[in-house]
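Chemist: As you go down the protein sequences, you meet chains A and B in turn. For the first sequence, position 28 (counting from the first letter as 1) is numbered 28 according to this note's numbering, and the numbering increases by one without interruption. For the second sequence, position 410 (counting from the first letter as 1) is numbered 1410 according to this note's numbering, and the numbering increases by one without interruption. Submitted below is the structure of interest, expressed as structure tokens.
There are 2 protein chains.
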Amino acid sequence: MQHWPLRVMRLVDHAAREHGEREIVTAWAGGRVTRSNWRDVAHDARRMAQALEALGIKPGDRVATLAMNHSSHLTAWYGAIGMGGVLHTINPRLFDDQILFIANHAEDRVLLYDHAFAETVERLKSRLETIETFICFDPPVEDEDSFVGWLAPHDGDYAWHEGDELDPCSLCYTSGTTGNPKGVLYSHRSTMLHAMAEVAPDSFNLSADACVMPIVPMFHANAWGIPWAAPLTGCKLVLSADYRPAQLCDLYRDENVTHSAGVPTVWLGMIEHIERTGADLSALRYVTIGGSAAPRAMIEWFREKGVHVMHAWGMTETSPIGSIGGKPPGWGEMTDEQQIAYTMHQGRTPFGIELRILGEDGSVLPRDGLHSGDLQVRGPWVIRRYFKEVADAAADDGWFGTGDVAALHPDGTMQITDRSKDVIKSGGEWISSIELENAAVGVPGVAEAAAIGIVHPKWDERPLLVVVRAPGSDVTSETICAHLETQVARWWLPDAVEFVDELPHTATGKLSKKTLREQFADYRFANAAEMVGR
Amino acid sequence: MQHWPLRVMRLVDHAAREHGEREIVTAWAGGRVTRSNWRDVAHDARRMAQALEALGIKPGDRVATLAMNHSSHLTAWYGAIGMGGVLHTINPRLFDDQILFIANHAEDRVLLYDHAFAETVERLKSRLETIETFICFDPPVEDEDSFVGWLAPHDGDYAWHEGDELDPCSLCYTSGTTGNPKGVLYSHRSTMLHAMAEVAPDSFNLSADACVMPIVPMFHANAWGIPWAAPLTGCKLVLSADYRPAQLCDLYRDENVTHSAGVPTVWLGMIEHIERTGADLSALRYVTIGGSAAPRAMIEWFREKGVHVMHAWGMTETSPIGSIGGKPPGWGEMTDEQQIAYTMHQGRTPFGIELRILGEDGSVLPRDGLHSGDLQVRGPWVIRRYFKEVADAAADDGWFGTGDVAALHPDGTMQITDRSKDVIKSGGEWISSIELENAAVGVPGVAEAAAIGIVHPKWDERPLLVVVRAPGSDVTSETICAHLETQVARWWLPDAVEFVDELPHTATGKLSKKTLREQFADYRFANAAEMVGR
């Protein structure tokens, strides 16, 4: 059969050739809406490849972005890779020191950034050691350092750089909870296989007649692969540089968005907005929820709106799709309760991915839904080694430790029960902080909740539940615990509930248990002192 | 990222691990129904790999089958490949000399066959020069030469043969219209990429909750890829060794088949049966029609039953999916007539495949829907070189001449207008024999129709329409031509209509224009003589 390297540029070539007029809509930070299409994005990517070559950028060099979601950022992904470069997406929500570390470690030569982050760039410029060229995507005034001005001299008469499918195409750092951020270097091949898997009906279910709006920033784990999978199908793509729920709801309505994706925090904001304003989800039919566990109430809310929830799990190290909840056999005959229980799990593995769980002694645990253990993953879009590291992150046979604790069920679904470091170890048994939190946010009046282990003289650790009340609510500790009693084992009940105005979050919008643990480092349970005294 | 060769055995490994209990149902030639599942098929494939090694079969050796669709045949596909062998599916409907040529040319070492073809095997045995072992899938009495008996000594404790993803995994000969049959040798990689593309929503739209019944024989072009794509998704698979419409309709009903695929001839038989008996299609939602063009009346019939028709095009040399009719953007807003017009075309290219059309001077023609030209194809699952040939069948840049004549439309669809050799050349212009035939079968009372070019003294060729009347019909030449006048250009109207009891078909069920042209080799139009006399 024919030689056909799995190179990423084939994606945008296919879209430009077969779906050239299919729209790419951008809502910019100020609310302005512009329209492009796959043909124009492919053409401008060729012009950008020429512009990079004019700067002396060579294949393999890193080209960084510090930007939200918009069509110029999309163009930059394909432009950087099209000339053989490695796209490096930097998370603008990171602290200065992290951004500096990442950009210097990656040896980025060019930085393309949003005007919204111009101050950050100015502040850090003198310490960005390898960046020679700074280009602003959307300056108030266009000049030769703006994206449009920079491309202006180039005509797009350019043939993509060819090479091996194992060449790197992009780089993304995980912020990590300890030590310096680590880079995950994706290959053309891994990116292509991930994209092909993602469009499947049991994955994101993407087709040419879909309209997809990722509410996942493009600096976050390949934006869950959507900017790669979209041109593969020729679907319409809607990008919003701003995550205000009002703007997102306008886009759902005006653009007839059928598919969307985001973390639970984003959906919480959307749901609150919709409930308050009476906005609706319009043509939306599928949402993918990942990043952290979707609470039951969120799943039920979408179901009531006629939207199918695909609950997913993954990480930067898995490109990121590791599991996703496509409809199982017999879905149509399942009761509501069965469907919800299925959706609460983090889905099944797409073809390519394997999962297993290990006990504390390193033995492989059964897939019976009863055992929980350390989750390992392997497959063609799973990391082997972090960028510039000398040792593999995965074992020789591919198994990579995820840091999650999970159960594998007989129906093939995976259920995250906790992060390894968040699990509460009480008297030799494990309490899932996530399950406690999910149960707690089901209590009316609870806006957000976090469970952490607090040192306990008898039990090693016992759970503390930290709660943010919903606006106007005066829900009490007693009400919450009474509700929890109906949801979890009695010995899982928190020893105390504390109320706070807000919980700490990471740069990617996830609950920061690490910061919370620091805030409560000196906390002790009242009854613990008694117990010691006894 | 991780090293993960695209090897076919990963398909059945995935299905056995993630969808082990999902059923594989077989209706055997006698009507008996048996049930297996992915776990058992994977296990028996390991036992077969052991049995092949016990015979001294080596990686790369060809293992042939002469069989209809059933679970043992499916097991044999994976068993042969699992030990590193090359699966060679032989079409039992071929003439003796063709079977002999193919099996000897392939140097098959083992033949697994259905009892239904035992007579053929006995008749040819002495002339099958390289086959050492004959195994019958379903003998009246089990013994050590039966499939079950042959596997009996083996326990399935076997690790698949590992190797390069470019290694061959299967071989299929095209019967061809001239010269000897030619072998298409598929690689693990090409087969895997084809399978990944096939499950997409815009292709076969396969998922774990689907139930698929191919009415495509497994000896025919990888059975359109379904035996590879099914384990990738973990769908339920229904195989019928018998194509009697009554048996197929029973299976639709009893097994809740949601997806099916077959050539128009098969569907004609099904439709006739259903109209006559009042059987129904039950849960069927998607049919893929390929092999030759689906007539409009067939598409309309399925639409009225609520079944979505995916009209596809491909050939043995393209694995076979070259184009398929997924729903285009705006499908929901299209009128019935627009949807039908879209479906009449042979669909769009899945990601990976490129099409172009060439004029008689070799120039690339525009994709405007107005020009027709010689269709060329290239992509990762398109042939480069026929088995054992010394020259490539495709050009250096991958373009392979299909022998079809087609138009490419602005909406991305491809429309086969004829086979290069079937097109009727009248006065320097081309008349599409397929369009004439499609229009003719839309006339009430016409069961089947074929248009061929007949030598004409003035116009070089003029169309002759050869018609099989439906049972009980006395439709006339005048009625047919009156109807055709409303469908095609006036100068396309056939110069004569001849009625026959049946039309010749090839071994794969397609209309044999070659045989028909031989039958009508001496035919001359009555008016042609006059014209010469003028």
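Glycine residues also receive a C-beta, built at the ideal position from the N, C-alpha and C atoms. Predicted model, so just to flag it, every value in this text is computed and none were measured.
1. With a CB to CB cut of under 7 Å and the five nearest residues on each side skipped, what residues in its chain are close to B:Ala1208?
2. Do B:Gly1379 and B:Gly1359 count as a contact pair if the criterion is CB distance below 8 Å?
3. If you draw a straight line from the C-alpha of A:His536 to the C-alpha of A:Ala439, how long is it?
4. If the cut is a Cβ gap below 7 Å, which residues of chain A does B:Asn1205 touch?
5. For the beta strand (DSSP E) that contains A:Gln415, what are its first and last residues?
6. Taking the runs of the beta strand (DSSP E) that are 3 residues or longer, which of them lie wholly in the segment 1090-1157 of chain B?
7. What separation, rounded to the nearest whole angstrom, lies between the Cα atoms of B:Tyr1342 and B:Met1298?
8. Quick check on the DSSP output: the beta strand (DSSP E) that includes A:His259 runs from which residue to which?
9. I'd like to know if A:Phe387 contacts chain B, where contact means its C-beta is closer than 8 Å to some C-beta of that chain.
10. Is B:Glu1437 close to chain A? Criterion is C-beta to C-beta, closer than 8 Å.
11. Any beta carbon from chain B within less than 8 Å of A:Ser146's own beta carbon?
12. Determine the chain B residues that contact A:Ile383 at a beta-carbon separation under 9 Å, and present them in chain order.
13. Cβ closer than 7 Å: which chain A residues qualify as neighbours of B:Tyr1286?
14. I'd like to know whether the C-beta atoms of A:Val266 and A:Tyr243 end up nearer to each other than 8 Å.
15. For B:Pro1504, which of B:His1308, B:Cys1169, B:Glu1317, B:Ile1452 has the nearest alpha-carbon?
16. Beta strand (DSSP E) containing A:Thr174: first to last residue?
17. Does the beta-carbon of A:Pro444 have 16 or more other beta-carbons within 10 angstroms, so that it is buried, or is it exposed?
18. For B:Trp1331, return the contacting residues in chain A, with the cut-off set at a CB-CB distance below 7 Å.
19. Between which two residues does the beta strand (DSSP E) containing B:Asp1397 stretch?
20. Since A:Leu232 meets chain B, which of its residues come closer than 7 Å, beta carbon to beta carbon?
21. Of all the residues that make up the segment 12-28 of chain A, which are near chain B by a beta-carbon distance shorter than 8 Å?
22. Roughly how many angstroms lie between the CA atoms of B:Lys1182 and A:Leu11, to the nearest whole one?
23. Does the distance from the C-beta atom of B:Met1068 to that of B:Pro1217 stay below 8 Å?
24. Kindly indicate which three-state DSSP category B:Thr1486 falls into: helix, strand or coil?
25. Out of curiosity, what's the CA-to-CA distance linking A:Glu129 and A:His105?
26. Just to make sure I have the definition right: I need the residues of chain B whose C-beta is within less than 9 Å of the C-beta of A:Arg378. Which are they?
27. For a contact meaning CB atoms closer than 8 Å, what does B:Ala1197 contact in chain A?
28. If we define contact as Cβ-Cβ less than 8 Å, is A:Tyr186 a contact residue for chain B?
29. Taking any Cβ of chain B, which residues in the segment 309-332 of chain A have a Cβ under 9 Å from it, in chain order?
30. My assumption, with CB atoms under 8 Å, is that B:Phe1137 sits in contact with B:Ser1036. Please give the rounded CB distance.
31. Flag this pair as touching only if the segment 218-227 of chain A and the segment 241-257 of chain A have three or more C-beta atom pairs under 8 Å; answer yes or no.
32. Going by beta-carbon coordinates alone, are B:Ala1261 and B:Pro1214 separated by less than 8 Å?
33. What's the call for B:Ser1433, buried or exposed, on a 16-neighbour Cβ count within 10 Å?
34. Report the neighbours of A:Ala394 on chain B: residues whose CB is nearer than 7 Å to its CB, in chain order.
35. Can you grab the Cα-Cα spacing for the pair B:Tyr1173 / B:Ile1226, in whole Å?
36. Does the Cβ-Cβ distance between B:Ser1475 and B:Val1500 come in under 8 Å?
Modeler: Taking the coordinates as given:
1. Counting from one through the second sequence, the residue named residue 1208 of chain B turns up at place 208. Cβ within range, chain order: His1019, Thr1233, Gly1234, Cys1235.
2. Taking the second sequence and counting its residues from 1, one reaches residue 1359 of chain B at position 359. Taking the second sequence and counting its residues from 1, one reaches residue 1379 of chain B at position 379. Taking 8 Å as the Cβ cut-off, B:Gly1359 and B:Gly1379 do not qualify as a contacting pair.
3. Coverage of chain A is limited to positions 1 through 534, which leaves residue 536 of chain A absent and any answer about it impossible.
4. The residue labelled residue 1205 of chain B in the question sits at position 205 within the second sequence. Those within 7 Å of B:Asn1205 in chain A are Pro201.
5. Numbered from 1 along the first sequence, position 415 holds the residue referred to as residue 415 of chain A. Segment 414-419, the beta strand (DSSP E) holding A:Gln415.
6. With a minimum length of 3 residues, the continuous beta strand (DSSP E) runs that stay inside the segment 1090-1157 of chain B are 1108-1113, 1133-1136.
7. The count along the second sequence starts at 1 and reaches residue 1342 of chain B at position 342. The count along the second sequence starts at 1 and reaches residue 1298 of chain B at position 298. B:Tyr1342 and B:Met1298: Cα-Cα distance of roughly 14 Å.
8. Translated into positions along the first sequence, residue 259 of chain A becomes position 259. Here the beta strand (DSSP E) through A:His259 covers 259-262.
9. Translated into the one-based positions of the first sequence, residue 387 of chain A becomes position 387. Output row for A:Phe387: interface = no.
10. By 1-based counting over the second sequence, the position of residue 1437 of chain B is 437. False, the Cβ-Cβ gap to chain A never drops below 8 Å.
11. As a first step, residue 146 of chain A must be located in the first sequence, where it is residue number 146. Judged by the 8 Å Cβ criterion, A:Ser146 is not in contact with chain B.
12. Numbered from its first residue, the first sequence carries residue 383 of chain A at position 383. Going along chain B in sequence order, the residues near A:Ile383 (Cβ under 9 Å) are Met1001, Gln1002.
13. To locate residue 1286 of chain B, count along the second sequence from 1; it is residue 286. Neighbours of B:Tyr1286 on chain A: none; closest Cβ ~11 Å, over 7 Å.
14. The residue given as residue 266 of chain A occupies position 266 in the first sequence. The residue given as residue 243 of chain A occupies position 243 in the first sequence. Contact flag set, yes.
15. In the second sequence, counting from the first residue as 1, residue 1504 of chain B sits at position 504. Among B:His1308, B:Cys1169, B:Glu1317, B:Ile1452, the Cα nearest to that of B:Pro1504 is on B:Ile1452.
16. Here the question's residue 174 of chain A lines up with position 174 in the first sequence. It spans 168-174 - the beta strand (DSSP E) in which A:Thr174 sits, taken as one unbroken run.
17. Sequence index remark: in the first sequence, residue 444 of chain A carries index 444 (1-based). Its Cβ having fewer than 16 others within 10 Å, A:Pro444 is exposed.
18. Within the second sequence, numbered from 1, the residue matching residue 1331 of chain B stands at position 331. What B:Trp1331 touches in chain A: Asp209.
19. Position 397 of the second sequence, counted from the first residue, corresponds to residue 1397 of chain B. No beta strand (DSSP E) contains B:Asp1397, which DSSP labels as neither H nor E.
20. Position 232 of the first sequence holds residue 232 of chain A. Under the 7 Å cutoff, chain B gives Phe1351.
21. His14, Arg17, Glu18, His19, Arg22
22. Numbered from 1 along the second sequence, position 182 holds the residue referred to as residue 1182 of chain B. Numbered from 1 along the first sequence, position 11 holds the residue referred to as residue 11 of chain A. About 33 Å.
23. Counted from its first residue, the second sequence places residue 1068 of chain B at position 68. Counted from its first residue, the second sequence places residue 1217 of chain B at position 217. Yes; because the gap between Cβ atoms is below 8 Å, this pair is in contact.
24. Position 486 of the second sequence, counted from the start, is the residue given in the question as residue 1486 of chain B. Residue state, collapsed to three classes: coil.
25. The residue given as residue 129 of chain A occupies position 129 in the first sequence. The residue given as residue 105 of chain A occupies position 105 in the first sequence. Each residue's alpha carbon lies about 9 Å from the other.
26. The residue you call residue 378 of chain A lines up with position 378 of the first sequence. Correct list: Gln1002, Trp1004.
27. Numbered from its first residue, the second sequence carries residue 1197 of chain B at position 197. The answer, in chain order, is Met196.
28. If you number the first sequence from 1, residue 186 of chain A lands on position 186. Yes, A:Tyr186 counts as interfacial toward chain B.
29. Ser319, Gly326, Lys327, Pro328, Pro329, Gly330, Trp331, Gly332
30. By one-based count along the second sequence, residue 1137 of chain B stands at place 137. By one-based count along the second sequence, residue 1036 of chain B stands at place 36. Between B:Ser1036 and B:Phe1137 the Cβ distance is about 13 Å, and since that is not below 8 Å, they are no contact.
31. no
32. Your numbering for residue 1261 of chain B matches position 261 in the second sequence. Your numbering for residue 1214 of chain B matches position 214 in the second sequence. Yes; because the gap between Cβ atoms is below 8 Å, this pair is in contact.
33. Here the question's residue 1433 of chain B lines up with position 433 in the second sequence. So B:Ser1433 ends up on the buried side.
34. Along the first sequence, one-based indexing puts residue 394 of chain A at 394. Chain B residues near A:Ala394: Gln1002.
35. As a first step, residue 1173 of chain B must be located in the second sequence, where it is residue number 173. As a first step, residue 1226 of chain B must be located in the second sequence, where it is residue number 226. Taking the straight line from one Cα to the other gives about 18 Å.
36. The residue you call residue 1475 of chain B lines up with position 475 of the second sequence. The residue you call residue 1500 of chain B lines up with position 500 of the second sequence. Here the sequence assigns Val to residue 1475 of chain B, which means Ser is not the residue at that position. No.
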